[in-house]
Each structure stands twice: as structure tokens, then as C-alpha cells.
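Data first, discussion second: the structure below is written as C-alpha cells.
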Amino acid sequence: MEDWQFAREITLKTRPGEEGLILISASLRDHRLGAPIHYIDVEAEVGIADGKIHAIRGEMPHIPHDDCRLALARLDLLVGERIVPGFSDLVRGVVGSGEGCTHLSVLVMNLGNVSVQGRAAYAHCLLGESEARRMIAKQAEELGLPGSCITWRLDGPIMRRMRQDR
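Using the working numbering, read the sequence shown as starting at 528 and increasing by one per residue.
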């Protein structure tokens, strides 16, 4: 690991799951002074149309303290929740709480962000361009994306195209 004193790698991947769901795989790998400290893995099944968490499970193959694994039970509290604005605050309060784990909550917040990209990728691959654009436009509004960054600026090309598609 070269000469870095601390390194964190977060990897997230999505693929189609069962009917109407995407499967998201997330992993966090921390190394301190060249030695592993946190290895955390999470998998979630998320609804493509609504961002609802249908299932989420995790494991901690390597942790500094045995009781860290107790935090995995907090993931169950996210089943049924939707990945919409406020999701990161929910995760911080539920998974990153005094009964949870800050490292696990960071990974789950990233999972929420990536679910939006995964849902869009699914739409493009399986629904066709026209239907995908309609679904993404609807989700963009619900997620508060218009005006949220330079790419989604109200006078930008994405928003112009969305207005034309209506």
C-alpha cells in the first residue's frame, strides 16, 4: 500500500435484480499503516420505479472490535424506506447512531446516491430511450435534481431536453 498512512476505498456496483428491482453491491475497505482496519460489505435490493429498499443486508469481514458487527442490525430499519431527499439524514440517524456505525452509514449513504445512477442505467438498458427519459424525468423532479448542480441547472441542456420531452 505504498507509503500512505491511511487509505479508504469505496466500491459500488449495480445490476438488474428480480422483476422491478436493482441489486446494489457496496464495499468499504480501510487500511491504516498498511494493515486492514475496516472491511464492510452491503447489498441492497431497490425498486427501480420508486427507490424503495426491499432488502438490505451487510457483513463485516474485518473490523477492529467484535461489537462493531452489532451495528449491522440497524440496516433492517431501512427496509421499506425510499431513497429520496432526506435519505442521508435518515441513514445518519438510524445507521450512524450510537447503536450503529459511522463507517457503515457512510457506505449506505453512498449506496443511496449510486442507486439513482443504477436506476437510470436500468431504464436505458431495458425500457428503451423514450420510456427511460420519461422515468428519469419523473425521478429527477422527485429527487430535487433540477437546479441542484451545474449539470442540472434550470437553463442547461438536460433541463431543456426534459421540457421538450413533456
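All residues carry an ideal CB built from backbone N, CA and C; glycine is no exception.
Straight-line gap, Val-569 to Thr-629 (C-alpha atoms, nearest Å): 14 angstroms
Which value, in whole angstroms, describes the spacing of the CA atoms of Ala-562 and Gln-666? 42 angstroms
Expected contact under 8 angstroms - CB spacing of Ile-590 and His-565 to nearest Å: 6 angstroms
Given Pro-673, which residues of its chain have a CB within under 7 angstroms of its CB, disregarding the five upstream and five downstream residues? Ala-667, Trp-679, Leu-681, Met-686
Under a three-way DSSP split, which group does Asp-682 fall into? coil
Beta carbon of Val-621 nearer than 7 angstroms to that of Arg-596: no
Nearest neighbour of Met-636, chosen from Ile-583, Tyr-649, Ala-659 [CA to CA]: Ile-583
With a Cβ-Cβ cutoff of 7 angstroms, do Ala-571 and Leu-631 count as a contact? no
Is Leu-617 buried or exposed, if buried means 16 or more other CB atoms sit within 10 Å of its CB? buried
Given a threshold of 16 other Cβ atoms within 10 Å of its Cβ, counted over all protein chains shown, does Ile-677 qualify as buried or as exposed? exposed
With Ala-650 and Ile-663 assumed to form a contact (beta carbons below 8 angstroms), what rounded beta-carbon distance in angstroms separates them? 6 angstroms
In the DSSP assignment, what are the bridge partners of His-651? For His-651, which the question treats as bridged, DSSP gives no partner whatsoever.
Alpha carbon to alpha carbon, what distance is there between Phe-533 and Asp-594? 23 angstroms
Closest Cα partner of Arg-693 within the set Leu-670, Ile-580, Ser-657, Gly-585: Ser-657
Kindly indicate the opening and closing residues of the alpha helix (DSSP H) around Asp-616. 614–621
Nearest by alpha-carbon distance to Leu-670: which of Ala-553, Glu-545, Leu-653, Arg-609 is it? Arg-609
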